[in-house]
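J.: After the structure tokens below, expect a handful of questions from me.
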Amino acid sequence: MPFGCLTLGEKKDYNSPSEVTDKYDLGQVVKSEEFCEIFRAKDRNTLKMYTCKKFHKKDGRKVRKAAKNEIMILKMVKHHNILQLVDTFETKKEYFIFLELATGREVFDWILDQGYYSERDTSNVMRQVLEAVAYLHSLKIVHRNLKLENLVYFNRLKHSKIVISDFQLAKLENGLIKDPCGTPEYLAPEVVGRLRYGRPVDCWAIGVIMYILLSGNPPFYDDADEDDSDNRDKNLFLKILSGDYEFDSPYWDDISDSAKNLVASLMEVDQDQRLTAQEAIAHEWISGNAASDKNIKDGVCAQIEKNFAKAKWKKAVRVTTLMKRLRASEQGDSGAASAAVGAAADPNAPSSASVPPAGVFSLVTLCTSPFKSSCKVALLLFPFP
Numbered sequence: 004m005p006f007g008c009l010t011l012g013e014k015k016d017y018n019s020p021s022e023v024t025d026k027y028d029l030g031q032v033v034k035s036e037e038f039c040e041i042f043r044a045k046d047r048n049t050l051k052m053y054t055c056k057k058f059h060k061k062d063g064r065k066v067r068k069a070a071k072n073e074i075m076i077l078k079m080v081k082h083h084n085i086l087q088l089v090d091t092f093e094t095k096k097e098y099f100i101f102l103e104l105a106t107g108r109e110v111f112d113w114i115l116d117q118g119y120y121s122e123r124d125t126s127n128v129m130r131q132v133l134e135a136v137a138y139l140h141s142l143k144i145v146h147r148n149l150k151l152e153n154l155v156y157f158n159r160l161k162h163s164k165i166v167i168s169d170f171q172l173a174k175l176e177n178g179l180i181k182d183p184c185g186t187p188e189y190l191a192p193e194v195v196g197r198l199r200y201g202r203p204v205d206c207w208a209i210g211v212i213m214y215i216l217l218s219g220n221p222p223f224y225d226d227a228d229e230d231d232s233d234n235r236d237k238n239l240f241l242k243i244l245s246g247d248y249e250f251d252s253p254y255w256d257d258i259s260d261s262a263k264n265l266v267a268s269l270m271e272v273d274q275d276q277r278l279t280a281q282e283a284i285a286h287e288w289i290s291g292n293a294a295s296d297k298n299i300k301d302g303v304c305a306q307i308e309k310n311f312a313k314a315k316w317k318k319a320v321r322v323t324t325l326m327k328r329l330r331a332s333e334q335g336d337s338g339a340a341s342a343a344v345g346a347a348a349d350p351n352a353p354s355s356a357s358v359p360p361a362g363v364f365s366l367v368t369l370c371t372s373p374f375k376s377s378c379k380v381a382l383l384l385f386p387f388p
């Protein structure tokens, strides 16, 4: 039965577990994620292989919501650079989502295996990503978790296409969105700042991806001790908010000005001024001949192996969950932070400005590239459940 039996009537018509297992042979779990288990599945009739995502309803409301949301979004999309939905089932205890199986490698692994890698290779990758994202944005869909780990080659053929995966956090933009989520290193300033946001967050993430593919380095990082994750995360967010990144030498010495211009246009702090996906496609570095064909593999690969060996970049988290870890160490400074903001907003305000209520994380940063007009200080409030 195509796309299972997810009916909209008042009486729920569930699939039986046997409907799933009669049609598909589910193998062993190949990966466990926050919301689901991932299997390789074989169609018993055609013997074709697929990816199966299994969501357990007993794991809570967020899991059920993620499954239903991913099904809704995937039913809307049909694009050659997006993994396509094949089938869905809902039993009384689980949701099953069957997708095309991508057998190629992640982009990182592909780069490491190349004998020659240039800006033109990166431009080809970015063009495919931008075309898929422009398509999503035309449907008012925000992916919200674009990152290198969600870009894979569809197969292992030489000229395989790139496909985007993982739509659990994707959302329809019916008015601006406020709930923060995603992978910290790819978050746009408006998400970190708890402003309302929309499709431009995907374009920021594309800029981060492009920066990494051209240099092997993340645009935002902190040299704090690896065990000091609280300070590292806090400093990361401060840098994102102010757009504090550089085209460092020697990593960017051989990269064209056109490439740097596109990165800067995608990683514009003001979301209203940020390049759209469609505008980026028209950029000379994507659609013209501005991308250099100079071999940059050695430098990029050395930095990739240095910077991305650890799994910390691979986990998408709710930003409020991550902020909880920072709360304890920052609560003692909340009074000073609030006072600083009060003083900036009103020079005549008393020095004993009110302290934010319990359960709120306060962070003050000077905005070198303000979101709007002439703001000098931003007070970020992160409420917790």
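First residue of the sequence shown? That's 4 in our numbering, and the numbers climb one at a time after it.
The beta-carbon is built from N, C-alpha and C at its ideal position, and this holds for glycine as well.
Gly210 and Asn310 - do their beta-carbons sit closer together than 8 angstroms?
T.: no
J.: Determine the direct distance from the alpha carbon of His146 to that of Tyr254, and round the result to whole angstroms.
T.: 30 angstroms
J.: Cα-Cα, which of Ile215, Val32, Leu278 is closest to Asp251?
T.: For the set Ile215, Val32, Leu278, the Cα lying nearest the Cα of Asp251 is the one of Ile215.
J.: Pick out whichever of Asn127, Glu93, Asn84 has its Cα sitting closest to the Cα of Leu104.
T.: If you compare the alpha carbons of Asn127, Glu93, Asn84 with that of Leu104, the shortest gap goes to Asn84.
J.: Less than 8 angstroms separating the beta-carbons of Ser163 and Gly107?
T.: In this structure, Gly107 lies closer than 8 angstroms to Ser163 by Cβ.
J.: Just to confirm the assignment, what range does the alpha helix (DSSP H) spanning Lys68 have?
T.: 64-79
J.: Would you be able to state if there are at least three C-beta pairs under 8 angstroms between the stretch 105-124 and the stretch 65-85?
T.: no
J.: From the DSSP output, read off the bridge partner residues of His59.
T.: Looking at the DSSP assignment, His59 forms a beta bridge with Glu97.
J.: For Tyr98, tell me which candidate among Leu133, Met52, Lys60 has the shortest Cα-Cα distance.
T.: Looking at the Cα atoms, Lys60 is the closest of the given residues.
J.: Tell me where the alpha helix (DSSP H) around Gln281 begins and ends.
T.: That run of the alpha helix (DSSP H) goes 280-284.
J.: Determine, using beta-carbon pairs with one atom in the stretch 290-299 and one in the stretch 257-267, whether at least three such pairs fall under 8 angstroms.
T.: yes
J.: Between which two residues does the beta strand (DSSP E) containing Ile165 stretch?
T.: 165-167
J.: Whose CA, out of Lys297, Arg43, Cys184, lies closest to the CA of Arg199?
T.: Cys184
J.: Using CA coordinates, which residue listed in Gly63, Ser126, Leu154 is at the minimum distance from Glu287?
T.: Ser126
J.: Tell me the DSSP secondary structure of Val272 in three-state form.
T.: coil
J.: Can you round the beta-carbon distance between Ile100 and Glu73 to whole angstroms, since I take them to be within the 8 angstroms contact cut?
T.: Yes, they are in contact, since the Cβ atoms of Ile100 and Glu73 sit about 6 angstroms apart, within 8 angstroms.
J.: How close, in whole Å, do the beta carbons of Phe111 and Asn18 come, if the pair is a contact with beta carbons under 8 angstroms?
T.: No, Phe111 and Asn18 are not in contact; Cβ-Cβ is about 37 angstroms, not under 8 angstroms.
J.: Can you check DSSP and say which residues form a bridge with Thr91?
T.: Thr91 pairs with Ile100.
J.: By the DSSP assignment, the alpha helix (DSSP H) with Lys45 in it spans what residues?
T.: From DSSP, Lys45 is part of no alpha helix (DSSP H) but of the beta strand (DSSP E) over 40-46.
J.: Roughly how many whole angstroms lie between the Cα atoms of Pro20 and Asp46?
T.: Using only the alpha carbons, I get a separation of about 15 angstroms.
J.: Using the C-alpha atoms, what's the distance from Phe240 back to Tyr224?
T.: When rounded, the distance between both Cα atoms is 9 angstroms.
J.: Taking DSSP's pairing of strands, which residues face Lys174 in a bridge?
T.: Beta-bridge pairing links Lys174 to Val145.
J.: Under the three-state reduction of DSSP, which class applies to Leu11: helix, strand or coil?
T.: Any reading at Leu11 needs caution, since the residue's pLDDT is 49, under 50, leaving its predicted position unreliable; the model's value is listed next. Coil at Leu11, not helix or strand.
J.: Would Gln131 pass as a contact of Ile165 if the rule is Cβ separation under 8 angstroms?
T.: Yes. Within cutoff.
J.: Measuring alpha carbon to alpha carbon, tell me which residue in Asn48, Glu40, Thr49 is nearest Asp62.
T.: Of the candidates Asn48, Glu40, Thr49, the residue whose Cα lies closest to the Cα of Asp62 is Glu40.
J.: Taking Cβ to Cβ, would you say Leu149 is nearer than 8 angstroms to Gly196?
T.: no
J.: Whose C-alpha, out of Gly178, Trp113, Val33, is nearest the C-alpha of Arg159?
T.: Trp113
J.: Assuming Gln274 and Ala191 make a contact with CB atoms under 8 angstroms, what is their CB distance in whole Å?
T.: Right, the Cβ-Cβ distance comes to about 7 angstroms (below 8 angstroms), so this counts as a contact.
J.: Out of Glu22, Gly201, Gln306, Met270, which one is the CA nearest neighbour of Glu176?
T.: Gly201
J.: Just curious, the beta strand (DSSP E) that Ser35 is in, first and last residue?
T.: 27-35
J.: Quick check on Ile289: does DSSP put it in helix, strand or coil?
T.: Helix at Ile289.
J.: The alpha helix (DSSP H) that contains Tyr214, what's its start and end?
T.: Looking at the DSSP string, the run of the alpha helix (DSSP H) that includes Tyr214 is 203-218.
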